[in-house]
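Visitor: Position 38, counted from 1, in the sequence shown is what numbering that gives the first Met the number 0 calls 37; the numbers after and before it change by one each time, with no gaps.
This is the structure I have questions about; it appears just below.
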Amino acid sequence: MGGKPVSPASPRRPRSLTAPILGWDGYGHVSLERGVELFNQGLYWESHEAWEEAWMPDRKGPDGGFYKGLIQVAAGCLHYGRRNRRGAVNKWRSGADYLRPYLPRHLGVELEPLVTQVDGFLAAFDGSQWPDGLVMPKIDRNPRPDPPRKEEGTAGGQG
């Protein structure tokens with residue numbers, strides 16, 4: 000006894016040793032959907048956690064940057080709500096940069112309007128004043144097939 004109990008998400012205990020990831024369908028789609036729902040409700044920390052469930056097993060995979068971008072945009076929104084200028088700017092900038100290769104849509108998530116709005120937030124931070132009144136984005140889902148992505152490292156998408 001004694002000491003603090005170790006929660007399943009504790010940094011002292013690797014995630015791979017915890018119970019099965021809730022919401023994992025083998026492709027991350029359940030966690031993606033849940034993250035979008037939470038994000039659109041303004042629950043940025045919770046959306047970050049849902050997307051992290053999908054990102055962790057695929058960090059180096061083809062969707063790793065997509066999930067990392069969503070996670071960082073959510074973190075930027077959280078920092079904005081806490082009036083943390085540096086955190087908001089850094090997370091929004093890196094989040095948008097991670098999402099750009101997946102534009103305009105990936106896994107049914109409309110990224111173009113999200114990245115455009117985040118770019119507007121970054122422009123609003125150019126002055127010395129705190130940009131009050133920014134309306135946090137909502138993420139739109141679109142069931143249409145995603146457009147083909149250009150392969151990295153190829154000229155004009157040819158390879």
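Quick reminder that beta carbons are idealized off the backbone N, C-alpha and C, glycines included.
Kindly indicate which three-state DSSP category Arg58 falls into: helix, strand or coil?
Guide: Here Arg58 sits in coil by DSSP.
Visitor: Report yes or no: do three or more beta-carbon pairs, one from the region 65-73 and one from the region 92-109, lie closer than 8 Å?
Guide: Segments in contact, yes.
Visitor: Alpha carbon to alpha carbon, how far is Tyr97 from Arg81?
Guide: Tyr97 and Arg81: Cα-Cα distance of roughly 23 Å.
Visitor: By Cβ distance, which residues of its chain are closer than 6 Å to Ala87, with the 5 residues on each side in sequence left out?
Guide: Once the five neighbours on either side are set aside, the close Cβ partners of Ala87 are Gly75, His78, Tyr79.
Visitor: Does any residue of chain D bring its CB to less than 8 Å from the CB of Arg81?
Guide: The structure shown contains no chain D, having only a single protein chain.
Visitor: Out of curiosity, what's the CA-to-CA distance linking Asp118 and Gly126?
Guide: Approximately 14 Å, taken between the alpha carbons.
Visitor: Please report the residue range of the alpha helix (DSSP H) in which Arg84 lies.
Guide: Note, Arg84: alpha helix (DSSP H), 84-98.
Visitor: Using the Cβ count rule (16 or more neighbours within 10 Å means buried), how would you classify Leu21?
Guide: Confidence is the limiting factor: at Leu21 the pLDDT is only 40, short of 50, which leaves the residue's position unreliable and the question unanswerable from this model.
Visitor: Identify, in the order they occur along the chain, each residue of the same chain with its Cβ nearer than 6 Å to the Cβ of Pro100, setting aside the five sequence neighbours on each side.
Guide: Cβ within range, chain order: n/a, list empty.
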